[in-house]
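Its first residue numbered 1, the sequence shown is counted upward by one per residue in full-length UniProt numbering.
Cβ coordinates follow ideal geometry from the N, Cα and C atoms, glycine included.
The structure appears right after this line, and notes come after that.
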Amino acid sequence: MCLKEGDWKSALAKAMEELDGKLDRRELNNLRNWLEHQLKALNNKIKTLGSGWQLDDEAAGMKRQLIQHFHCLSCDKPIDTLPHGPVPSIPASYGLPKSKSPRPYTTFGLDLIRQQAR
Numbered sequence: 001m002c003l004k005e006g007d008w009k010s011a012l013a014k015a016m017e018e019l020d021g022k023l024d025r026r027e028l029n030n031l032r033n034w035l036e037h038q039l040k041a042l043n044n045k046i047k048t049l050g051s052g053w054q055l056d057d058e059a060a061g062m063k064r065q066l067i068q069h070f071h072c073l074s075c076d077k078p079i080d081t082l083p084h085g086p087v088p089s090i091p092a093s094y095g096l097p098k099s100k101s102p103r104p105y106t107t108f109g110l111d112l113i114r115q116q117a118r
C-alpha cells in the first residue's frame, strides 16, 4: 500500500508542477489585451501609409512565363526568346538497368541438379 501511495503522491506533485507552469486567466487576459493593442497599432500604420500599400489587383502568380528580352552580344540587336520549359525538381529516372547475367537461371539449375542427385 505504501508503494501505491508514493506513486500517487509523485504523480500529484508532477501534475501540480505542470499546472504551476501554465498561464492564469488573468495573465491570459493581459496577453490578449496587448495583442489587440498591437494589432490596432498595425492597422493604424497601414491606414496612414495610404493607398500605396493596396495590393488588391496584383497577381500572386502567373500561369506561364513572359517572353524574355535579350540583346545580341555582337550587334546589340534585341532578341525575343521564349523561356525554356519548367525545370524538374527531381532528376529523371530511367529505370534500372536490365540484368544480362545468367546467374538466377544457373542457381535454379544447380539447385535442381542437387535435388535430383539425392
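Exercise. Near R25, what residues of its chain come up, given a Cβ to Cβ distance below 8 Å and the 5 sequence neighbours on each side ignored?
Worked result: Within the sequence shown, numbered from 1, the residue matching residue 25 stands at position 25. Here the set comprises nothing.
Exercise. To which residues of the same chain is P77 closer than 8 Å at the C-beta, ignoring the five residues directly before and after it?
Worked result: As a first step, residue 77 must be located in the sequence shown, where it is residue number 77. Per the sequence shown, residue 77 should be read as Lys rather than Pro. If we look at K77 and ignore the five residues flanking it on each side, its Cβ neighbours are H71.
For this session: Measure the C-alpha to C-alpha separation of K47 and K22 and round it to an integer number of angstroms.
Result: Translated into the one-based positions of the sequence shown, residue 47 becomes position 47. Translated into the one-based positions of the sequence shown, residue 22 becomes position 22. Roughly 37 Å separates the two Cα atoms.
For this session: Name, in chain order, the residues that DSSP records as bridge partners for P78.
Result: Position 78 of the sequence shown, counting from 1, holds the residue named residue 78. Paired residues: H71.
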